[in-house]
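In my numbering, the protein residues as written are 36 to 574.
Written as structure tokens, this is what we have:
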């Protein structure tokens, strides 16, 4: 079973990851001194909750704390609302169906009563995918944790069917005794669910080897307001358009996923991450492109810019080890513009050794070197880094991310535009921003670009929110102007919905709207997500 996460931050409340003092000193220099905020308490926010517009019924909780814990996701605006206690709305109730029949019943009740339903998996959306806003309709958050579990395993076919509310660790734990894995591990792995992976069209850290969720998603069951959509897990089919594609990335607008069938594969006997350093960004992204196009069975390639490489070393917990690493890099003529490259390798010992030899050859051709110890350390700590958000907030800093993907001919231009746009985005307010990026998922034709940015909290939470909105707008406009997708792996949610038409075009948007109206003619599913159509919202 997964652990309940913090009500106003990231992760397991029992896990604390400290921010090194040298990182705090660096941030004071880069963006200015942070002022630790005074956060609202859980008790005070619960006490201020507006009464529910739904009377308590079997299967519905109207408990204020329960409603609060299902009101927001994990983007910076969610954190600002929760930490300040300024939440414009909570769901009126929380439903916990346990199977498809219970979901079917809930959809029928919602249609009859005029409720709005918000599917809720792990609550890890960073694009407003589960954010509840003021609405003329009563809102019910549909917590799918009760559907969790392995429903069926066809070992001969490698097909595993899970309830949509099953979280990442529970998927791997249930497949482990059978020698199988799905291998889908987004950074939110500890808490995100298989239904959320499909609904947001997610990528995992080793998607280069195991595939994005669209390759792993074999079929399942969707309960829509107008009926049930069964998606059989055929290995391949030419029987018209693939209806699974409608559900991938639909973000709960068509209905509620209840069952998901995934393609599992045999566990690899060996999994390693190797680290390399290349002298500059020009060589680094070229190494990434060459690795992506070499046809090697790699699990992961991640290429950091010089700014992110510097920031990674600052945030590392072991100061002595970091100092030794810096000396080593300097001795090996890897200067201040050096870029870190991480490469994931999986398979038999023989295969890993052979592939690693080809990786080293490509890296050395660009004057790169191996960095001992750093790859395994990253692999051990890869799910702990999001916890730094809690420590940064406590020190007076907000952090958020934006990501996109573009073809190789546009990667450099977009990277060179997006970072500066964020760093200078608050100049009018006299504020500085620290922004850094990496290529996180590489393909033969292009790459994703993942940007993290840190800025100071204002004394007034509303001003902090305005800062975030300004930065998010600048980043989104820069992505659109440079021909990038508005989302490579995080989904669209509310935050990106206004920019979707630039990518899909008018006809594409009309088609999406028609699809939503066919599955949900009464508009009871979470409006404003995916499509910018929240006419029922109350301003």
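Think of the CB as a built atom: it goes at the ideal place given N, C-alpha and C, for glycine as much as any other residue.
Open item on the list: What residue range does the alpha helix (DSSP H) around residue 496 cover?
Closed with: It spans 496-516 - the alpha helix (DSSP H) in which residue 496 sits, taken as one unbroken run.
Open item on the list: Please report the straight-line C-alpha distance between residue 428 and residue 563, rounded to a whole angstrom.
Closed with: In a straight line, the C-alpha of residue 428 is about 28 Å away from that of residue 563.
- [ ] Check residue 252 in the structure and name its three-state DSSP category.
- [x] Note: residue 252 maps to strand in three-state DSSP.
TODO: Determine the direct distance from the alpha carbon of residue 352 to that of residue 402, and round the result to whole angstroms.
DONE: Taking the straight line joining both Cα atoms gives about 28 Å.
Open item on the list: Can you look up residue 170 in the DSSP assignment and give me helix, strand or coil?
Closed with: Under the three-state reduction of DSSP output, residue 170 falls in the strand class.
Task: Neighbour-count burial assignment, residue 471, 16 or more Cβ in a 10 Å radius - done: With 16 or more other Cβ atoms within 10 Å, it is buried.
TODO: Decide if the region 131-145 is in contact with the region 281-299; the criterion is three or more beta carbon pairs, one per stretch, under 8 Å apart.
DONE: Verdict: yes, contact present.
Open item on the list: I want to know whether the region 273-285 touches the region 225-240 - three or more CB-CB distances under 8 Å.
Closed with: Taking a cut-off of 8 Å on C-beta distances, the region 273-285 touches the region 225-240, as three or more cross pairs fall below it.
Task: Proximity to residue 501 [Cα-Cα], best of 111, 342, 555 and 442 - done: The shortest Cα separation from residue 501 among 111, 342, 555 and 442 belongs to 111.
Open item on the list: Using a 10 Å radius around the Cβ and a threshold of 16 neighbouring Cβ atoms, would you call residue 114 buried or exposed?
Closed with: Residue 114 comes out buried.
Open item on the list: What would DSSP say about residue 597, mapped onto helix, strand or coil?
Closed with: This structure cannot settle anything about residue 597, because the visible part of the chain is limited to 36 through 574.
- [ ] Could you please give the first and the last residue of the uninterrupted beta strand (DSSP E) stretch that includes residue 265?
- [x] Boundaries of the beta strand (DSSP E) around residue 265: 262-266.
- [ ] Have a look at 279, 168 and 107 and flag the residue whose alpha-carbon is nearest the alpha-carbon of residue 123.
- [x] Its Cα nearest to that of residue 123, the residue 168 stands out among 279, 168 and 107.
Open item on the list: Please state whether the Cβ-Cβ distance between residue 377 and residue 337 is less than 8 Å.
Closed with: Result yes, Cβ atoms of residue 377 and residue 337 sit closer than 8 Å.
- [ ] Grab me the residues of residue 95's own chain with a C-beta within less than 8 Å of its C-beta, minus the 5 sequence neighbours each way, in chain order.
- [x] Excluding residues within five positions, the ones whose Cβ falls inside 8 Å are 89, 128, 129, 130 and 175.
Open item on the list: By DSSP's criteria, residue 306 is part of a beta bridge. Which residues make up the other side?
Closed with: DSSP output for residue 306 lists 381 as bridge partner(s).
Task: Local conformation of residue 471 per DSSP, three classes - done: Reduced to three states, the DSSP call for residue 471 is strand.
Open item on the list: Applying the 10 Å Cβ sphere with the 16-neighbour rule, what's the burial state of residue 548?
Closed with: Exposed, by the Cβ-count rule.
Task: Sequence-distant residues of the same chain with beta carbon closer than 6 Å to residue 458, five excluded per side - done: 468 and 470, listed in sequence order.
Open item on the list: By alpha-carbon positions, which one of 326, 454, 312 and 415 ends up nearest to residue 360?
Closed with: Closest option to residue 360, Cα to Cα, is 312.
TODO: May I ask whether a heavy atom of the ligand MN can be found less than 7 Å away from the beta carbon of residue 323?
DONE: Of ligands this structure carries none, so the ligand MN is not represented either.
Task: Cβ pair residue 439, residue 484 closer than 8 Å - done: The Cβ-Cβ distance between residue 439 and residue 484 falls below 8 Å.
Task: Euclidean distance between Cα positions of residue 27 and residue 453 - done: Because the chain spans 36 through 574 in this model, residue 27 falls outside it and cannot be assessed.
- [ ] Pick out whichever of 204, 190 and 189 has its Cα sitting closest to the Cα of residue 183.
- [x] Considering only alpha carbons, the answer is 204.
Open item on the list: In the DSSP output, which residue or residues are listed as bridge partners for residue 294?
Closed with: Answer is 198 and 256, bridged to residue 294.
Open item on the list: Can you give me the C-alpha to C-alpha distance between residue 37 and residue 225, rounded to a whole angstrom?
Closed with: Summary for residue 37: the model assigns pLDDT 46, below 50, so the residue's position carries little reliability; its value from the coordinates is reported in the next sentence. Roughly 7 Å separates the two Cα atoms.
Open item on the list: Quick check: residue 579 and residue 521, are their CB atoms within less than 8 Å of each other?
Closed with: Given a span of 36 to 574 for the chain in the structure shown, any question on residue 579 remains unanswerable.
TODO: Report yes if the CB atom of residue 422 is closer than 8 Å to the CB atom of residue 157, and no otherwise.
DONE: Result no, Cβ atoms of residue 422 and residue 157 do not sit closer than 8 Å.
Task: Cα-Cα separation, residue 230 to residue 255 - done: Answer to the nearest angstrom: the Cα atoms are 10 Å apart.
Task: Identity of the residue in 464, 398 and 152 nearest residue 561 by Cα - done: Comparing Cα positions, the closest option is 152.
Open item on the list: Can you give me the C-alpha to C-alpha distance between residue 382 and residue 141, rounded to a whole angstrom?
Closed with: Their Cα atoms are separated by approximately 45 Å.
TODO: Assign residue 479 to one of two classes, buried (16 or more other C-beta atoms within 10 Å of its C-beta) or exposed (fewer than that).
DONE: By the Cβ neighbour-count rule, residue 479 is exposed, with fewer than 16 other Cβ atoms within 10 Å of its own.
Open item on the list: So, for residue 210: in the same chain, excluding its five sequence neighbours on each side, which residues have a beta-carbon less than 7 Å away from its beta-carbon?
Closed with: If we look at residue 210 and ignore the five residues flanking it on each side, its Cβ neighbours are 195, 216, 217 and 299.
Open item on the list: On the DSSP letters alone, give me the boundaries of the beta strand (DSSP E) that residue 435 sits inside.
Closed with: Its beta strand (DSSP E) spans residues 432-442.
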